[in-house]
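Asker: Following our numbering, the numbering of the sequence shown begins with -16 at its first residue and continues without gaps.
Have a look at the structure that comes next, please.
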Amino acid sequence: MLCATCQQLFKNPEWKGVHHADIESLNNAARSGCPLCRPLQHIVKQCLSTRDLFRYPWSYRIYTEENEAQICLDIDWPPGDFVELQENEPGPICYPMLAIPSSSIMLNSAIRNRSSSLPLHEAIASGRRWLDECLDGHELCPKNTQPSSYPDLLLELDGSTVRVISPVERKISGPYVALSYCCRDSNSDFLRLSASNKEAFEKGISCSELPTAFREAVDLVQGISIQYLWIDALCKIPQFQSHEEHSSGWAELEVIYANSIFNLALATVENPTESCLGGCPSHVGLPFQVETSGLIGDDVRTVVPYRYYPNSLYHQPLGNRAESMQERFWSPRVLSIGLGELFWDCTQLQNASESLPQGPAAMARWTKLRQTVIPRTSDRMKLEEFWWLMVEEYSDCELAHPETHKLAGLSYIANQLASTLDDVYIAGHFWRTLSYSLNWRVDPQLAPVRERSRKPQRIANMVKNKVDERKLEAPSWSWASMDGTVYISRPWNFASLAYVEAYTLAPVMSDKNVKGARSARLIIRTYCREVHWIDGKPMIPQNLWTPLENFHWFRARLDDEHDTPANGTRLLLAALTENDRMCTWEGLVLQQLKAEEDIYQRIGHFQFHRIPAEEPRETWQDDYRSMLDQRRALTLV
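What follows is the structure, given as structure tokens:
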């Protein structure tokens, strides 16, 4: 039941209004069970800062489009009220929601009433219903339940017993499920298949001996009437693998997941010893219904908080594991055990949940939901946008071996897109978009901040003296040279200042060419300026910068602080893009590798930005060209 303060959001067509005025009002509403105030109260408790979050009343904004309304609750400050934030303090907070006509979206409101656990029998019923609907009624989804091949070993599920079998020797038939899970603690002590216990596994062991999450997965799969399950820890004996064997291992995994009937993803547990059937905390914003009058007509709306999917699924432990990203794309379907409920994805029905069993409807147009299939389109712009979203999501995840797996972990999606786009894939980039995609950055202040980000490090610095650098996959100019969150500037409002003339590839410790080679080189031609690193930043010559410093900002950031040059080091600024609307130039901070050759490695990113003013400087493009007036060819490695 919405509190009186929150009810006004759905009855007032005004663009802006006042929400809770103080913490006492918010706490009282949360205690009463208001589905909006509970998550807001949790957000406030997390903001343990010195400033008063209620110094000014909270406000809300309403945006309408056709039949939907976007409502944003804000903790912000009036214009002109400058607040200097201390380190680790939050900035302005926004809690957006989408109000969708209930006639266009199915809501199962009973999910809100679940107790502290996810009832297994309800999970089984939901999974079985989605699978039956997919197999019987989805034109876009595969119908064949018989795999074209099986893994070398599988678990046969037989009531309270599981046994390891060889599908070839047993000549089995029927579908199997492939499991995805986390194991954050490499020393976690749980039952695994080994040479010493394989015979016992083949005879059969009690399900009670399995770690909790695996046991729950067995119960769920058997409940859906599937007899076989693949879990890597119970179906593969660990062995040392060389770099080349690791690469072939990805191909083997692709076949295993692609032939499964669905991928069962245990999203909420960090280790298999934990239960994945926990409940959903009251502060997680679940969808709810509300009667509206005056907002957009008089009807009933289903309200979906934008944080619903991130909180309940995306930002759970499995969502932070990079390998699971390809597992969901390899698989024909994904059944995820999220926070207090199940989620479903297949080609025809994506981002369904027990709360929203037929999917998010209009929500998919308003916000970026995770994908499990490559878009079925020939529209190059949509495919490129999909790729950049995948790169950002992937870079935000943790990879067990970034020094050897960084490019391999995204290779399936990349190879599929290269074919669809009829383009050449080079070390994390596509040839036709290189002049734009080289403009990636690690600074979240220059791009929309995502809820989870990892401090970036250059992989070469992480493994220095531990791994032969010739085994590293990605050159410095590629986002794949970094371990950590990167941000991709979309090219829609940019003009390219650089021309990529050529590329060359060389093998990585191998006799054959590798697409993601460390020695992949680019030759680009663009506007440049030599500068020197002085007192922690690149310094443009005073005779060029002083006459212009009142009209423009110049910002530069290193990709990795470990690459900080010595004072006085000569660097090169190389321009990449121009944004006419924002009056900016952006580009690369480069360091020369060999004094007698134009060979450079990337160490950072820079931006020129015109300072807003009543009479802004109209000659900003000429200003930037006067500072970067050396148009020349460079080799990037």
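Beta carbons: idealized from backbone N, C-alpha and C, even for Gly.
Since I believe I207 is in contact with I110 (beta carbons under 8 Å), could you give me their beta-carbon distance rounded to a whole number of angstroms?
Answerer: Before going further, note that residue 110 is Gly rather than Ile in the sequence given. The Cβ separation is near 5 Å, so the contact holds.
Asker: For D282, which residues does DSSP report across the bridge?
Answerer: Answer is T275.
Asker: Alpha carbon to alpha carbon, how far is R95 from V1? Give it in angstroms, no decimals.
Answerer: Using only the alpha carbons, I get a separation of about 28 Å.
Asker: If you reduce the DSSP assignment to three classes, tell me which class C77 lands in.
Answerer: C77: strand per DSSP, three-state reduction.
Asker: Could you give the distance in angstroms between the alpha-carbon of T285 and the alpha-carbon of Y292?
Answerer: For T285 and Y292, the distance between alpha carbons rounds to 15 Å.
Asker: Excluding the five sequence neighbours on either side, which residues of its own chain have a C-beta within less than 7 Å of the C-beta of S177, listed in chain order?
Answerer: For S177, where only same-chain residues beyond five positions count, the Cβ hits under 7 Å are I220.
Asker: Tell me whether G110 sits in a helix, a strand or coil according to DSSP, three-state version.
Answerer: In the structure shown, G110 sits in a helix (DSSP, three-state: H, G or I).
Asker: Could you tell me the distance, in whole angstroms, from the CA atom of R512 to the CA atom of P524?
Answerer: Answer to the nearest angstrom: the Cα atoms are 9 Å apart.
Asker: Would you report the Cα separation of E561 and E569, rounded to the nearest angstrom?
Answerer: The alpha-carbon atoms of E561 and E569 are separated by roughly 7 Å.
Asker: Between the Cα of S479 and those of E532, L421, D518 and I107, spot the shortest distance and give me the residue it belongs to.
Answerer: The shortest C-alpha separation from S479 is found at L421.
Asker: At the level of alpha carbons, what is the spacing between V491 and P150?
Answerer: Any reading at V491 is ruled out, since the residue's pLDDT is 49, under 50, leaving its predicted position unreliable.
Asker: For E386, does the three-state DSSP call read helix, strand or coil?
Answerer: Helix.
Asker: Just the C-alpha distance for E532 and S42, rounded to the nearest angstrom, thanks.
Answerer: Cα-Cα distance, rounded: 37 Å.
Asker: Applying the 10 Å Cβ sphere with the 16-neighbour rule, what's the burial state of T567?
Answerer: Counting Cβ neighbours within 10 Å, T567 comes out buried, since at least 16 surround it.
Asker: DSSP three-state call for E51: helix, strand or coil?
Answerer: In the structure shown, E51 sits in a strand (DSSP, three-state: E or B).
Asker: Using 10 angstroms around the beta-carbon of G551, count the other beta-carbons present and answer buried if the total reaches 16, otherwise exposed.
Answerer: By the neighbour-count rule (16 or more Cβ atoms within 10 Å), G551 is not buried but exposed.
Asker: Using the beta-carbon count (16 or more within 10 Å), is G499 buried or exposed?
Answerer: Note that G499 scores a pLDDT of 40, beneath 50, so its modelled location is shaky; the value from the coordinates is reported in the next line. Its Cβ being crowded by 16 or more others within 10 Å, G499 is buried.
Asker: Which residues in the same chain as S243 place their Cβ atom closer than 8 Å to its Cβ, once the five residues preceding and following it in sequence are excluded?
Answerer: Counting only Cβ-Cβ distances below 8 Å, and skipping sequence neighbours, we find P130, P158, Y159, V160, A161, W213, S314 and P315.
Asker: Going by beta carbon distance, what residues of the same chain come within less than 6 Å of T487, once the five residues before and after it are set aside?
Answerer: If we look at T487 and ignore the five residues flanking it on each side, its Cβ neighbours are R504.
Asker: Can you tell me the Cα-Cα spacing of N(-5) and P358, whole angstroms?
Answerer: About 38 Å.
Asker: Taking A631 and E381 to be in contact with their CB atoms under 8 Å, please state how far apart those CB atoms are, rounded to whole angstroms.
Answerer: Residue 631 is absent from the structure shown; the chain starts at -16 and stops at 620.
Asker: If you draw a straight line from the C-alpha of L269 to the C-alpha of A82, how long is it?
Answerer: About 13 Å.
Asker: Are three or more beta carbon pairs between the stretch 338 to 347 and the stretch 117 to 125 nearer than 8 Å?
Answerer: As far as the Cβ criterion goes, the stretch 338 to 347 does not touch the stretch 117 to 125, which means the pair count is below three.
Asker: Is it right to say G695 is buried, meaning 16 or more other beta carbons lie within 10 angstroms of its own, or is it exposed?
Answerer: Residue 695 is absent from the structure shown; the chain starts at -16 and stops at 620.
Asker: For the beta strand (DSSP E) containing W536, name the first residue and the last one.
Answerer: W536 -> beta strand (DSSP E) spans H535 to L541.
Asker: What three-state label does DSSP hand F369 in the structure shown?
Answerer: Three-state DSSP puts F369 in a helix.
Asker: According to DSSP, is H412 helix, strand or coil?
Answerer: Strand.
Asker: What residue does the beta strand (DSSP E) around M610 start on, and which one ends it?
Answerer: That residue, M610, is in no beta strand (DSSP E); its alpha helix (DSSP H) goes W603 to M610.
Asker: Starting from the Cα of T330, find the closest Cα among Q309, A347, S336 and T355 and give me that residue.
Answerer: The shortest C-alpha separation from T330 is found at T355.
Asker: Against chain D, does W603 count as a neighbour if the rule is that its beta carbon must be under 9 Å from one of theirs?
Answerer: Chain labels in this structure do not include chain D; a single protein chain is all it has.
Asker: Excluding five sequence neighbours on each side, which residues of the same chain lie with their C-beta closer than 6 Å to the C-beta of H266?
Answerer: Answer for H266: R21, P22 and H25, listed in chain order.
Asker: From the DSSP output, which residues share a beta bridge with K520?
Answerer: K520 is bridged to I517.
Asker: Under the rule that 16 or more other beta-carbon atoms within 10 Å means buried, what is N170, buried or exposed?
Answerer: Its Cβ having fewer than 16 others within 10 Å, N170 is exposed.
Asker: For S132, which option in P288, L236 and Q53 has the closest C-alpha, if you only look at C-alpha atoms?
Answerer: When only C-alpha atoms are compared, the closest one is L236.
Asker: In this structure, how does DSSP classify G232 when only helix, strand and coil are distinguished?
Answerer: The answer is helix: DSSP assigns G232 an H, G or I state.
Asker: Leaving out five residues on either side along the sequence, give the residues of the same chain with a beta carbon under 7 Å from the beta carbon of V446.
Answerer: Here the set comprises E386.
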